[in-house]
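Chemist: Quick one: the structure is below, and I'll ask about it shortly.
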Amino acid sequence: MEWKHGKDITARRLLDLYQFISQYKSITESHSVDYFTENHWERLIPEGWKKDLLSLSQDDYFLYPKAHTESRSSTSSISLGDFLLSIQSLKLLSSDQSQEAPPPAPPPDPSCVGQYGMSMKKVHEVNRMSEYLESVLIRPLNIKQMIDIGSGKGYLSETLSFSHQLKVVGIESQPVTTLGALERCRKVEKFFKSHPKEKVTSNKEKGDEKEDRKKIEHGCDPFDDFDSLHLPFEETLTLSETESTSHDTLTKDNNCINKGLEDISITTAVISVQEENTTPVEAAVCTIESSGLSKQNENCDAPSNITGSQNPLNNKEITASDKGMDNDTSTGTNAVSSSHTQPVPCPLTDSYTPITHYISGSDSIIDIAGGAIDTTRPLGLVGLHTCGDLASVILRQFIKEPLIQCVCIVGCCYHHITEREDVTDAVPGFPMSQFLKGHGAFLGRNTRMLSCQSEAHFSTVTSGKALESIFFRAVLQVILQKEMKLIQTPQDARELLVGRVKKYNSFTDYVRRALKRLNIREQNQPSNDRLEYYYTLLLPRLTELQRYLQVRAVIAPLIESLVLLDRLLFLQEHQEECNIKEAWLSQLFVPAISPRCIALSAIRH
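Numbering-wise, the sequence shown is residues 1 to 605 according to UniProt numbering.
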């Protein structure tokens, strides 16, 4: 997929998207938690659709547009077929592109330093993006230096530096994440000092490929001496995690995190300043820890539970991903500190410099990078899975800094994007274009949450355990309202935040665990018989709930398309005044591997 149309065509598609989404705003802004209590099936689903929805199997529903290419209905009300065909014509990725089968996992490449410690998902993303940057931006524009915004642990930065011979500055808002990048760099250096390339190649020739491949498919490094680098195998988010928690967990956005992932650990020798042979990385560790910057930021890629004097790297790490929310960056909306560390080059090469800094709208990236870049030469700006508003911050930096010759970002976590009702003293992340601002465009939280769902996983996120969890939560809402009389107003419903109940054996077990989270004593809880009564009463409506979820799910790609085209149009609106030669959208990743797969790129004359 590639969108290289001019400003007028982009604006026309953008308006079509916004008008279509607005037409079904009552559906996108609804929530499954309130499905029974607010009677979504009767209120929100058009009467003419219900029979068709209930007669179609799940597979038939998602394949419906391919099998029905009849002309649009002449009646005033849009049919289900028209609805699905309109979605096919408006979204950026076709269904065939969205459901492209992932390629077979390649064996680990011993010569590629960037692959060490990465999951296969991250290898796919970093390899494809770095190759795209090389062929489309770096080589044609003769770019010698890059700034990686939201660089995380430096996966992309190190690959661009080591494999593409660029001078790279990685800017990350989380000091602990920067610390991880430095430690990873140290371990890479240690590994290569003790394993010359010839030795690695020799081992591969002895038949280790099969074992190496098995290890790397599980997110592990194939080399024993590198085992201490336990960077996470990133999973992606299911609808059960987004749908059942976005209503309940409005503060921590638990839908943006992975579970139970082990972080890398730093030895005492690394942390100690008193060691005689302190390397630049070790010094940086001490600098970051002693600077007081290890305060936790609740974003998509930050380690959690950092308290007191604990070593921050001895905790579990929470990392984002997306059957829709994949991320190796920090979000601008949740950052807690605008301080930054001094640039510290990695020991393996002087061409990669990680910096800790939270970029605000008033900052200058050139000033942040400081002496780490050559201000007499053009540079590129890049971001892999820039969370929420960070994408809009990067694009505004590109607009105001003439030294930046090109930009390429892949966004994610659209639910973190701010709108006019979310901020009072900052520029919201949506809409960016003057065109959409002129139309008063507004999405709303639940609509933004919906955009995080991936078409590649529609069939799995509206069935099985995911569907069961959503159904249980919706039935619980009925119990809280009708049986326990705890919900009298919409405000009451918003205040009853259950969160995600991960483990349960039955519906009654689910309810008991949920009520415990709400601090409701056992003597005040309904009996098992009453719980079973509501379960039995509402179970026949499970298919209706599933179809409602499917109707919402197919709108998700349109919301992502709207956000991406709005960002593109923002650049196109500044084309003349900022000397922008071209701006476009391109699909970089296989959606089944990395659902947030579309890159926005631009170059100057």
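Quick reminder that beta carbons are idealized off the backbone N, C-alpha and C, glycines included.
Can you list, in chain order, the residues of its chain whose CB lies under 6 Å from that of Ser-351, leaving out five sequence neighbours each side?
Modeler: For this step, residue 351 is matched to residue 351 along the sequence shown. Here the set comprises Ser-161 and Lys-167.
Chemist: Could you tell me if Gly-180 is buried or exposed, where buried requires 16 or more neighbouring beta carbons within 10 angstroms of its beta carbon?
Modeler: Locating residue 180 in the sequence shown gives position 180, counting from the first residue. With 16 or more Cβ atoms within 10 Å of its Cβ, Gly-180 is classed as buried.
Chemist: I'd like the span of the alpha helix (DSSP H) that includes Arg-517, first residue to last.
Modeler: As a working mapping, residue 517 is identified with position 517 in the sequence shown. Here the alpha helix (DSSP H) through Arg-517 covers 507 to 517.
Chemist: Looking at the structure shown, is Gly-48 part of a helix, part of a strand, or coil, going by DSSP?
Modeler: In the sequence shown, counting from the first residue as 1, residue 48 sits at position 48. DSSP places Gly-48 in helix when its eight states are reduced to three.
Chemist: Give me the Cβ distance between Phe-398 and Val-410, rounded to the nearest whole Å; I'm assuming they're in contact under 8 Å.
Modeler: For this step, residue 398 is matched to residue 398 along the sequence shown. For this step, residue 410 is matched to residue 410 along the sequence shown. Incorrect: roughly 15 Å between the Cβ atoms, too far for contact.
Chemist: Under 8 Å, do Leu-14 and Ser-30 count as touching if we go by C-beta distance?
Modeler: The sequence position of residue 14 within the sequence shown is 14, counting from 1. The sequence position of residue 30 within the sequence shown is 30, counting from 1. In this structure, Leu-14 lies away from Ser-30, with their beta-carbon atoms at least 8 Å apart.
Chemist: Within 10 Å of its beta-carbon, does Val-427 have 16 or more other beta-carbons around it, so buried, or fewer, so exposed?
Modeler: Sequence index remark: in the sequence shown, residue 427 carries index 427 (1-based). Classified as exposed, Val-427 has fewer than 16 neighbouring CB atoms from the shown chains inside 10 Å of its CB.
Chemist: Roughly how far, in whole angstroms, is the beta-carbon of Asp-148 from the beta-carbon of Gly-383, given that I think they are within contact range, below 8 Å?
Modeler: Taking the first residue of the sequence shown as 1, we reach residue 148 at position 148. Taking the first residue of the sequence shown as 1, we reach residue 383 at position 383. Yes, they are in contact, since the Cβ atoms of Asp-148 and Gly-383 sit about 7 Å apart, within 8 Å.
Chemist: Buried or exposed for Lys-121, going by 16 or more other Cβ atoms inside 10 Å?
Modeler: For this step, residue 121 is matched to residue 121 along the sequence shown. Flag for Lys-121 reads buried.
Chemist: Kindly list the residues whose CB is nearer than 7 Å to the CB of Trp-49, restricted to its own chain and excluding five residues on each side of it in sequence; keep chain order.
Modeler: Translated into positions along the sequence shown, residue 49 becomes position 49. Only Leu-80 meet the Cβ criterion.
Chemist: With a CB to CB cut of under 7 Å and the five nearest residues on each side skipped, what residues in its chain are close to Leu-486?
Modeler: The residue you call residue 486 lines up with position 486 of the sequence shown. Leu-480, Asp-492 and Leu-496.
Chemist: Quick one, which of Gln-550, Tyr-155 and Leu-565 has its alpha-carbon nearest Leu-56's?
Modeler: Translated into positions along the sequence shown, residue 56 becomes position 56. The shortest Cα separation from Leu-56 among Gln-550, Tyr-155 and Leu-565 belongs to Gln-550.
Chemist: Measure from the C-beta of Ile-479 to each C-beta in chain C and report whether the shortest distance is under 8 Å.
Modeler: Protein chain content of the structure displayed is limited to a single chain, and chain C is not contained in it.
Chemist: Tell me the DSSP secondary structure of Cys-185 in three-state form.
Modeler: For this step, residue 185 is matched to residue 185 along the sequence shown. Of the three classes helix, strand and coil, the one that applies to Cys-185 here is helix, per DSSP.
Chemist: Going by the CB atoms, is the gap between Arg-530 and Glu-468 shorter than 8 Å?
Modeler: Taking the first residue of the sequence shown as 1, we reach residue 468 at position 468. Taking the first residue of the sequence shown as 1, we reach residue 530 at position 530. In this structure, Arg-530 does not lie closer than 8 Å to Glu-468 by Cβ.
Chemist: Opposite Pro-354 in the DSSP bridges: which residues?
Modeler: Here the question's residue 354 lines up with position 354 in the sequence shown. Its beta-bridge partners are Gly-170.
Chemist: Under the DSSP definition of a beta bridge, which residues are partnered with Cys-387?
Modeler: As a first step, residue 387 must be located in the sequence shown, where it is residue number 387. Cys-387 is bridged to Cys-412.
Chemist: Does the distance from the C-beta atom of Val-478 to that of Thr-28 stay below 8 Å?
Modeler: In the sequence shown, counting from the first residue as 1, residue 478 sits at position 478. In the sequence shown, counting from the first residue as 1, residue 28 sits at position 28. No, the pair does not count as a contact, with Cβ atoms beyond the cut-off.
Chemist: Is the separation between the beta-carbon of Gln-405 and that of Leu-379 shorter than 8 Å?
Modeler: In the sequence shown, residue 405 corresponds to position 405, counting from 1. In the sequence shown, residue 379 corresponds to position 379, counting from 1. Going by C-beta atoms, Gln-405 is nearer than 8 Å to Leu-379.
Chemist: Using a Cβ-Cβ cut-off of 6 Å (strictly less than) and excluding sequence neighbours within five positions of Pro-526, which residues of its own chain qualify?
Modeler: In the sequence shown, residue 526 corresponds to position 526, counting from 1. Closer than 6 Å at Cβ, skipping near neighbours: Glu-483.
Chemist: Give me the residue from Ala-592, Glu-576 and Ser-86 with the minimum Cα distance to Lys-7.
Modeler: One-based indexing of the sequence shown puts residue 7 at position 7. The residue with the shortest Cα to Cα distance from Lys-7 is Glu-576.
Chemist: Just how far apart, CA to CA, sit Ile-559 and Gly-440?
Modeler: The sequence position of residue 559 within the sequence shown is 559, counting from 1. The sequence position of residue 440 within the sequence shown is 440, counting from 1. So the alpha carbons of these two residues sit roughly 16 Å apart.
Chemist: Quick check on the burial criterion: 16 or more other C-beta atoms within 10 angstroms. Buried or exposed for Gly-464?
Modeler: As a working mapping, residue 464 is identified with position 464 in the sequence shown. Gly-464 is exposed by the Cβ-count criterion.
Chemist: State the beta-bridge partners of Trp-584 as determined by DSSP.
Modeler: Mapped onto the sequence shown, residue 584 falls at position 584. Answer is Ser-601.
Chemist: Examine the Cβ distances between the segment 572 to 590 and the segment 124 to 142 and report whether three or more of them are shorter than 8 Å.
Modeler: These segments touch.
Chemist: Identify, in the order they occur along the chain, each residue of the same chain with its Cβ nearer than 8 Å to the Cβ of Ser-130, setting aside the five sequence neighbours on each side.
Modeler: Locating residue 130 in the sequence shown gives position 130, where the first residue counts as 1. Once the five neighbours on either side are set aside, the close Cβ partners of Ser-130 are Gly-114, Leu-156, Thr-159, Leu-160, Ser-163 and His-164.
Chemist: Tyr-24 and Leu-545 - do their beta-carbons sit closer together than 8 Å?
Modeler: Sequence index remark: in the sequence shown, residue 545 carries index 545 (1-based). Sequence index remark: in the sequence shown, residue 24 carries index 24 (1-based). Leu-545 is not a Cβ neighbour of Tyr-24, given a cutoff of 8 Å.
Chemist: The beta strand (DSSP E) that contains Ala-148, what's its start and end?
Modeler: Counting from 1 along the sequence shown, the entry for residue 148 is found at position 148. Note that residue 148 is Asp in the sequence shown here, rather than Ala. Per DSSP, Asp-148 belongs to the beta strand (DSSP E) from 145 to 149.
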